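**Q** In this text, residue positions in the sequence shown follow our numbering: the first is 161, and each later residue adds one.
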Amino acid sequence: MKKLLIALTLILICSHTANAQLGGLKINKKHLDAATKTAKALTLTDEQIATYCQEYIDWMDAHNPVCKTTDSDPGMKAVADRLEKIKATMPSDVKLDIQAYYVVDQNAFACANGSIRVFAGLMELMTDDEILGIIGHEVGHIVNKDSKEAFKKALLTSALKDAVGSTGDVAATLTDSQLGELGEALAGAQFSQKAEYAADDYGYEFLKKSGKDPMGMVTALRVIQKLSDDAGVDKSKAKQLFSTHPESGKRADKLEAKYKKEYK
161 MKKLLIALTL
171 ILICSHTANA
181 QLGGLKINKK
191 HLDAATKTAK
201 ALTLTDEQIA
211 TYCQEYIDWM
221 DAHNPVCKTT
231 DSDPGMKAVA
241 DRLEKIKATM
251 PSDVKLDIQA
261 YYVVDQNAFA
271 CANGSIRVFA
281 GLMELMTDDE
291 ILGIIGHEVG
301 HIVNKDSKEA
311 FKKALLTSAL
321 KDAVGSTGDV
331 AATLTDSQLG
341 ELGEALAGAQ
351 FSQKAEYAAD
361 DYGYEFLKKS
371 GKDPMGMVTA
381 LRVIQKLSDD
391 AGVDKSKAKQ
401 LFSTHPESGK
411 RADKLEAKYK
421 KEYK
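#1: Could you please give the first and the last residue of the uninterrupted beta strand (DSSP E) stretch that includes Y261?
#2: Which residue comes first and which comes last in the beta strand (DSSP E) that contains F279?
#3: Going by DSSP in three states, A272 sits in which element: helix, strand or coil?
#4: Identify which residue in V278, T211 and M250 has its Cα closest to the Cα of F311.
#5: Would you kindly work out how many angstroms separate the C-alpha atoms of G409 and H297, rounded to a whole number?
#6: Over what stretch of residues does the alpha helix (DSSP H) that includes S252 continue unbroken?
#7: Between W219 and the rest of its own chain, which residues show a CB-CB distance below 6 Å, the 5 nearest in sequence each way excluded?
#8: Indicate the three-state DSSP secondary structure (helix, strand or coil) for G184 in the structure shown.
#9: Quick check: the segment 264-275 against the segment 242-253, are there 3 or more CB pairs under 8 Å?
#10: Confirm, please, whether the CB-CB distance from S307 to A270 is below 7 Å.
#11: Taking the alpha carbon of I291 as the reference point, which residue from M236, A314 and T249 has its own alpha carbon closest?
#12: Which residue from D373, A314 and L415 puts its Cα closest to that of E344?
#13: In this structure, what does DSSP give as the bridge partners for K226?
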């Protein structure tokens, strides 16, 4: 399997500050422009965010091997077949774009437009029920609008403000480097503890609605905690992989206590 590709582009912009003079006072026009663009970005419509999400997921799919059931590569086909089997157990009203990347990284993510990507490296370490719980967890982030807010914050990074704030009510077409910058911002995003607990509960209930044992959500969190623990001295790697899944052990304890009350 390949390593997940997120193109990182460092853009250095050197310019003199533009000032407008009025009665001896200097108004920093550059800061005013930035404030205006930020305000526009903060008021992005759902349609604009969905468009940017689609641009991003298309870019990610183009830069990473997406597993298909028609793949000639036996490894990629096996991952795709397994994911289709897992998805077949989901509630029938769940209509989302869920696919797998054939990469060694151990993670999963969701976009506000309903796209979810699971990494083959994580699938290798989890059972079908655990992966279904992870999918349910990511669905929870979409339903609770956590993914939307994280995406909006990522769009406000300095490299993207100009592009997002310069097109009025129409979503801009982001460049390859801007999409890479967006990917880096999203990789470092972290949901609140409240949001994570809510998504855990959603994943737990998602398993029940799928006719599965909700303990799968508990054990999935245990796997993530073990991966974080096993990262050992490589704290930078652990932070990158699990920045969106803090304190997985405590979250697993909370869900397990809930499980024991329900299944005495």
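C-beta: ideal position from N, C-alpha, C; glycine also. Since the structure is predicted, the reported quantities are computational estimates derived from the model, not experimental observations.
**A** Put simply:
#1: Residues D257 to Y261.
#2: Per DSSP, the continuous beta strand (DSSP E) segment holding F279 begins and ends at S275 to F279.
#3: Correct three-state label for A272: coil.
#4: When only C-alpha atoms are compared, the closest one is T211.
#5: Using only the alpha carbons, I get a separation of about 15 Å.
#6: Premise fails: S252 is in no alpha helix (DSSP H) and is neither H nor E.
#7: Taken in chain order, the residues that qualify are L339.
#8: Model confidence at G184 stands at a pLDDT of 41, short of 50, so the residue's coordinates are unreliable; what they give is reported in the following sentence. Here G184 carries a coil assignment [DSSP, helix/strand/coil].
#9: Contact fails: fewer than three Cβ-Cβ distances are below 8 Å.
#10: The answer is yes: Cβ separation under 7 Å.
#11: Comparing Cα-Cα distances from I291 to each of M236, A314 and T249, the minimum goes to T249.
#12: If we check each option's Cα against that of E344, A314 comes out closest.
#13: Inspection of the sequence shows that residue 226 is occupied by Val rather than by Lys. Answer is Y261.
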